[in-house]
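Each step along the sequence shown adds one to the number in the UniProt record's numbering, with nothing skipped, and position 70 is 70. Even glycine gets a Cβ: it sits at the ideal position worked out from N, Cα and C. Written below as structure tokens is the structure these notes are about.
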Amino acid sequence: MGAYKILQKSQKPNALSDIDQQYLNYIFSVVLLAFASHPTGDLLSVLDFPFLYFYRFHGSCCASGFLGFFLMFSTAKLKSLMAPGQCAAWIFFAKVITAGLSILLFDVILTSATVGCLLLSGLGEALLVFSERKGA
1 MGAYKILQKS QKPNALSDID QQYLNYIFSV VLLAFASHPT GDLLSVLDFP FLYFYRFHGS
61 CCASGFLGFF LMFSTAKLKS LMAPGQCAAW IFFAKVITAG LSILLFDVIL TSATVGCLLL
121 SGLGEALLVF SERKGA
């Protein structure tokens, strides 16, 4: 959303739809991550990834892309059907459930950094819900 907020300040407000906002954020994310991958060493170490040439890895990447698209599309439809605060609350609830289930389903070692990241992301989402309720 940050990329759209910057663009929104420089252009007419509400010029882009929810789906256009998502696409714009994906483009900015890909560009920023592409430039950040070289200094962090991720660009060159990708060739050392052991599962790079397995079809299951490529299939999982494609499935993740399709599921991400459908999630983005359903979120945009949900935003058009509900009040902004109510929609943000449902999205927050879904993210909390997803984070909790991922801890249970995957072999995760809970370190203080992991717990800190989970709590910090939950706090950020709660602040987003609060700001959208105040704005509505």
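- prompt: Could you give the distance in angstroms between the alpha-carbon of S17 and the alpha-carbon of K77?
  reply: Counted from its first residue, the sequence shown places residue 17 at position 17. Counted from its first residue, the sequence shown places residue 77 at position 77. Roughly 11 Å between the two C-alpha positions.
query: Smallest Cα separation from M72: which of D20, E125, F130?
result: As a working note, residue 72 is residue 72 in the sequence shown. Of D20, E125, F130, the residue nearest in Cα terms is D20.
- prompt: What runs of the alpha helix (DSSP H), each 4 residues or longer, lie entirely inside the stretch 50-126?
  reply: 55-81, 84-105
- prompt: Where M82 and F70 are concerned, what is the direct C-alpha to C-alpha distance, given to the nearest angstrom?
  reply: Counting from 1 along the sequence shown, the entry for residue 82 is found at position 82. Counting from 1 along the sequence shown, the entry for residue 70 is found at position 70. In a straight line, the C-alpha of M82 is about 18 Å away from that of F70.
- request: Take V31 and list the residues in its own chain whose beta-carbon comes closer than 6 Å to its own, dropping the five residues that flank it on each side.
  value: Within the sequence shown, numbered from 1, the residue matching residue 31 stands at position 31. So no residue of the chain qualifies.
task: Along the alpha helix (DSSP H) that carries V30, what are the first and last residues, could you check?
output: What you label residue 30 is simply residue 30 of the sequence shown in a count that begins at 1. Residues 18-40.
message: Using only the alpha-carbon positions, how far apart do C117 and V108 sit?
response: By 1-based counting over the sequence shown, the position of residue 117 is 117. By 1-based counting over the sequence shown, the position of residue 108 is 108. Their backbone Cα atoms lie some 13 Å apart in a straight line.
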